[in-house]
Ligand code: PLP
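Given below as structure tokens:
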């Protein structure tokens, strides 16, 4: 069958493939310990659910403005001002179907054939594919475990060409959990301004921080960087709202207007009553965020302690998100082969690093219960012993 050429430009998702395999094995009755989830294992906090139910009862069931409910755009602008020192008004905000659609809309609005987009690796799986779909060229900048998977200002400068349009900057990072320090953020901002490019700051994990790590929004570094920054974020990770599909894009008005125009001809507004849940998320107590963070922190500490006792793994301690990204370089196996063996023989699902542009690593999500974590790590330790 003849399909559009653009379909061939994108690779199928390896993360979904491993997840599907693990689920099929579970359905066959096998006891699988899964570390593959990219979503919090908690229920959405009750007050957010109630707000959406109340919105349904009040008839918030119709089409709304493509850019989002005015009340939500205003709540997002206030949040960005309050938490991130970013001076936006509602017209700088587009409410999207999750952070994924906000990034997609942005690429479609700003990237053209011939444009290069800088993507430090390890990266979130969808970045290069979205750039390719928009006709652009992803330029992958590899980083190392020793550099704590962070790109340096020198690396960025070297990667810039006359075709460079944008840098994708994700901190805290999926898949590494690394958080750039405020000084590191300032140094990256300096290069972006000096090289006259744009930066899209994917800040979807900004509230999931440990060990006193601080998140500085790159756009807050100064007026020059602010003008060339677009923020992409959402409610999925912070408020356990993955299925609600609410996210946003924040940036200069012409960018937001362009992305809104595209969205108005594709998905239109985000589910109206879901937006009322999102308003409650920002306008109510943030205790639920602290509670989820402390559960993640406990699991993270346990995993780090276990990793330290395993031979064959090197894992820099992540300061954010809910992922561990240990290197398996010492084992001498490619990440796909390692994860296949781990799943098929030891019944543990982890995501091969190759999906994120780092074939010597694997990703383990700790958005799962302690019992699964304990049992899964025992099995991982057994595999490493068997391979030694
Ligand atoms: N950005 C990163 C780094 C992510 O890990 C994800 C989800 O896994 C997203 C964006 C998109 O999240 P959502 O579309 O669920 O809001």
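Residue numbers (our numbering): 1363 to 1750.
Glycine is no exception: its CB is placed at the ideal position from the N, C-alpha and C atoms.
With DSSP as the reference, label residue i as helix, strand or coil.
i, result
"residue 1397", "coil"
"residue 1482", "strand"
"residue 1523", "coil"
"residue 1616", "helix"
"residue 1675", "coil"
"residue 1762", "In the structure as shown, the chain begins at 1363 and stops at 1750. Residue 1762 is therefore absent and cannot be evaluated."
"residue 1341", "Residue 1341 is absent from the structure shown; the chain starts at 1363 and stops at 1750."
"residue 1686", "strand"
"residue 1528", "strand"
"residue 1388", "helix"
"residue 1370", "helix"
"residue 1656", "helix"
"residue 1516", "helix"
"residue 1642", "helix"
"residue 1733", "helix"
"residue 1509", "coil"
"residue 1488", "helix"
"residue 1681", "coil"
"residue 1537", "coil"
"residue 1338", "The first residue shown for the chain is 1363 and the last is 1750, placing residue 1338 beyond what the model contains."
Tell me which residues share the same chain as residue i and place their Cβ nearer than 8 Å to its Cβ, disregarding the 5 neighbours each side in the sequence.
i, result
"residue 1571", "1534, 1541, 1577, 1655, 1681 and 1682"
"residue 1513", "1482, 1503, 1505 and 1550"
"residue 1677", "1666, 1669, 1686, 1687, 1688 and 1689"
"residue 1384", "1394, 1396, 1398, 1705 and 1711"
Would you check if the distance between the CB atom of residue i and the CB atom of residue j is smaller than 8 Å?
i, j, result
"residue 1580", "residue 1610", "no"
"residue 1496", "residue 1469", "yes"
"residue 1472", "residue 1593", "no"
"residue 1639", "residue 1484", "no"
"residue 1744", "residue 1708", "yes"
"residue 1434", "residue 1635", "no"
"residue 1339", "residue 1477", "Because residue 1339 is not part of the residues shown, which for the chain are 1363 to 1750, the question remains open."
"residue 1750", "residue 1380", "no"
"residue 1465", "residue 1714", "no"
"residue 1591", "residue 1561", "yes"
"residue 1460", "residue 1608", "yes"
"residue 1430", "residue 1637", "yes"
"residue 1599", "residue 1641", "no"
Work out the CA separation of residue j and residue i for me, nearest whole Å.
i, j, result
"residue 1624", "residue 1456", "11 Å"
"residue 1360", "residue 1671", "Residue 1360 lies beyond the range of the chain shown here (1363 to 1750); nothing can be said about it."
"residue 1406", "residue 1633", "17 Å"
"residue 1374", "residue 1382", "13 Å"
"residue 1371", "residue 1475", "13 Å"
"residue 1447", "residue 1568", "14 Å"
"residue 1555", "residue 1499", "21 Å"
"residue 1628", "residue 1386", "33 Å"
"residue 1612", "residue 1552", "21 Å"
"residue 1589", "residue 1614", "7 Å"
"residue 1544", "residue 1595", "19 Å"
"residue 1703", "residue 1661", "24 Å"
"residue 1557", "residue 1413", "45 Å"
"residue 1585", "residue 1493", "27 Å"
"residue 1742", "residue 1659", "21 Å"
"residue 1445", "residue 1587", "18 Å"
"residue 1574", "residue 1722", "29 Å"
"residue 1622", "residue 1488", "21 Å"
"residue 1700", "residue 1454", "45 Å"
"residue 1521", "residue 1539", "24 Å"
"residue 1415", "residue 1428", "22 Å"
"residue 1507", "residue 1559", "27 Å"
"residue 1501", "residue 1367", "21 Å"
"residue 1746", "residue 1694", "11 Å"
With a threshold of 6 Å on Cβ separation, who are the neighbours of residue i within its own chain once the five nearest residues in sequence on each side are excluded?
i, result
"residue 1644", "1437 and 1441"
"residue 1537", "1484, 1685, 1687, 1718 and 1725"
"residue 1605", "none"
"residue 1739", "1668"
"residue 1583", "1548 and 1551"
"residue 1519", "1553"
Which residues in the same chain have their Cβ closer than 7 Å to the Cβ of residue i, if we skip the five residues on either side of it in sequence?
i, result
"residue 1425", "1630 and 1631"
"residue 1729", "1399, 1401, 1402, 1403 and 1684"
"residue 1491", "1372 and 1373"
query = Can you list the alpha helix (DSSP H) stretches of 4 or more residues lying completely in the stretch 1560 to 1630, in chain order?
reply = Entirely contained in the stretch 1560 to 1630, the alpha helix (DSSP H) runs reaching 4 residues are, in chain order, 1585 to 1588 and 1615 to 1626.
key: beta strand (DSSP E) runs wholly inside the stretch 1702 to 1726, at least 3 long, in chain order   = For the stretch 1702 to 1726, there is no continuous beta strand (DSSP E) assignment of 3+ residues that stays within its boundaries.
request  = Note down, one range per segment and in chain order, each beta strand (DSSP E) of at least 3 residues found wholly within the stretch 1404 to 1485.
outcome  = The stretch 1404 to 1485 contains these whole beta strand (DSSP E) runs: 1455 to 1458 and 1478 to 1483.
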